[in-house]
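Numbering (this note's numbering), first residue to last: 85 to 530. Accompanying notes for the structure given below.
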Ligand code: SF4
Ligand code: SF4
Ligand code: FES
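If you want it as structure tokens, here you go:
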């Protein structure tokens with residue numbers, strides 16, 4: 085069958101332009117086979133990376149029909165089927181989509197482009213130095229400080245080793261990094277490949293730097309920089325599921341740090357607490373507690389003033405809070421998920437450093453074939469787990485419903501707290517009003 089390969093070509097000096105190569109291919113031909121034939125038969129200057137031709141070296145990553153993938157893994161038949169299924173969902177825009185069969189020619193067109201988030205060197209070859217630098221930034225090596233036993237290797241139980249299988253499958257192809265939305269907007273974010281590797285280090289029973297690592301990953305250059313778009317999971321050719329590994333890091337951070345350790349932790353904990361209390365978020369208090377750290381961070385609170393003023397001007401600043409009618413059910417769901425998580429033996433995150441087996445622990449447990457104690461700290465209120473598990477099927481698990489704290493002292497304290505928040509906010513607002521000379525201009529009132 086005839087296929088048009090529309091390849092985006094460029095060098096560091098020239099602007100990108102597309103070049104179409106027609107090619108007679110078999111449905112079983114891989115995209116890499118097709119590119120090889122184009123290079124050998126039509127244009128020897130076409131540049132792309134390749135090595136193993138067997139989905140193992142990670143060299144041939146590129147954007148194939150709009151998403152990053154390995155050219156030696158995808159074949160013509162699969163690409164056609166994929167594009168047809170995409171077009172079936174969006175027939176009205178099919179003309180602009182890759183793989184479209186135009187009415188005039190009826191020839192399918194595949195678009196091939198270099199990976200994203202990395203500068204192009206030539207055609208489909210990108211400079212992967214930032215990718216390697218970001219991997220290096222998470223210190224992706226089992227701590228050598230633990231290697232103090234001269235006579236024998238570090239032993240692991242089969243269960244301890246199994247926990248490394250999924251992340252160990254990463255072939256560092258760059259597909260996830262290429263599609264990462266957080267990388268596009270946050271140059272500090274190390275990327276999904278690095279964080280998948282970071283979790284592999286945290287989960288490794290031989291590594292003795294768990295506490296240090298979790299502190300290192302506890303900011304927006306690390307785990308909290310991920311916007312959970314899911315793209316890395318969907319493009320990874322080795323099913324490493326980087327976003328899931330980032331979720332594990334977040335859970336471990338939440339379980340070992342209190343809400344003063346970072347704004348991101350506060351964000352998660354305050355949100356879960358508020359949803360438990362009122363069924364949804366009390367927006368009057370959310371910024372006050374998270375950004376203002378309950379009046380501990382005055383500068384943070386002041387940074388909210390412009391937003392608050394705009395909300396006030398547009399009548400969107402909530403003055404009161406009504407708990408949701410479904411608060412009790414929501415709270416029950418959260419408790420059910422937390423109870424299930426704390427009992428679930430599946431993929432337990434590693435405990436704090438003190439719970440990790442020492443060399444002698446590891447040897448002993450391996451010799452006796454008894455898994456070491458991997459009991460995890462109490463399940464923390466992770467936003468990820470709550471959102472992903474709040475299915476109707478989870479509801480019957482909970483038969484015990486706690487009395488709603490919407491009445492009595494708890495509710496009273498919440499109201500007082502809310503009033504303090506409002507008083508603090510209004511004070512800052514007035515401060516802003518009197519110190520900002522161009523206030524009304526800035527507000528757009530004159
Ligand atoms: S996590 Fe997957 S997509 Fe990302 S570099 Fe590793 S193998 Fe490639
Ligand atoms: S889920 Fe997170 S790490 Fe993965 S691509 Fe999206 S933003 Fe990047
Ligand atoms: S050539 Fe090695 S993964 Fe494609």
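Cβ coordinates follow ideal geometry from the N, Cα and C atoms, glycine included.
Counting other Cβ atoms within 10 Å of its Cβ, residue 105 reaches 16 or more and is therefore classed as buried. In the three-state DSSP reduction, residue 98 falls in the coil class, being neither helix nor strand. Per DSSP, the beta-bridge partners of residue 106 are 88. Taking the CA atoms as reference points, residue 156 sits about 6 Å from residue 139.
In this structure, residue 319 lies near residue 260, with their beta-carbon atoms less than 8 Å apart. Between residue 251 and residue 280, the C-beta spacing is below 8 Å.
Between the alpha carbons of residue 271 and residue 236 lies a gap of roughly 43 Å.
In the displayed model, residue 93 falls within a strand according to three-state DSSP. DSSP, reduced to helix, strand and coil, places residue 121 within a helical segment of the structure shown.
In this structure, the beta-carbon distance from residue 388 to residue 371 falls below 8 Å. Contact annotation: residue 148 and residue 194 have beta-carbon atoms nearer than 8 Å. Shortest gap from the CB of residue 362 to any heavy atom of ligand 3: 7 Å or more. Within the DSSP secondary-structure output, residue 285 pairs in no beta bridge. Taken through DSSP and simplified to helix, strand or coil, residue 311 comes out as coil. Residue 360 sits buried, since 16 or more C-beta atoms from the chains shown fall within 10 Å of its C-beta. Here the distance from the Cβ of residue 138 to the nearest heavy atom of ligand 3 is below 7 Å. Sixteen is the threshold: when 16 or more other Cβ atoms of the shown chains lie within 10 Å of the Cβ of residue 415, as they do, the residue is buried. Taken atom to atom, the span from the alpha-carbon of residue 366 to that of residue 211 is near 46 Å. Collapsing the DSSP output to three states places residue 167 in a helix.
Under the DSSP assignment, residue 387 falls outside any beta strand (DSSP E), being part of the alpha helix (DSSP H) whose first and last residues are 382–387.
With a cut-off of 8 Å on Cβ pairs, the region 97–104 is not in contact with the region 114–126, counting fewer than three such pairs. When rounded, the separation of the alpha-carbon atoms in residue 351 and residue 265 is 21 Å. Assigned with DSSP and collapsed to three states, residue 131 falls in coil, not helix or strand. For residue 375, the three-state secondary structure derived from DSSP is coil.
A direct Cα-to-Cα measurement between residue 356 and residue 405 gives close to 17 Å. Residue 331 and residue 126 have their C-alpha atoms roughly 47 Å apart. In the DSSP assignment, residue 349 falls within the unbroken alpha helix (DSSP H) covering 347–362.
At least one heavy atom of ligand 2 sits closer than 7 Å to the Cβ of residue 265.
Burial check for residue 136: the Cβ neighbour count within 10 Å stays below 16, so the residue is exposed.
Residue 152 carries a strand assignment under DSSP once its states are collapsed to helix, strand and coil. Distance between residue 305 and residue 274, taken at the CA atoms: about 6 Å.
In this structure residue 220 is not in contact with residue 248, their Cβ atoms being roughly 20 Å apart against a cut-off of 8 Å.
Put simply, the backbone Cα of residue 303 is about 14 Å away from that of residue 267.
Under DSSP, the beta-bridge partners assigned to residue 196 are 91, 148. Note on geometry: alpha-carbon atoms of residue 290 and residue 336 lie some 17 Å from one another.
Residue 114 has 159 as its beta-bridge partners, per DSSP.
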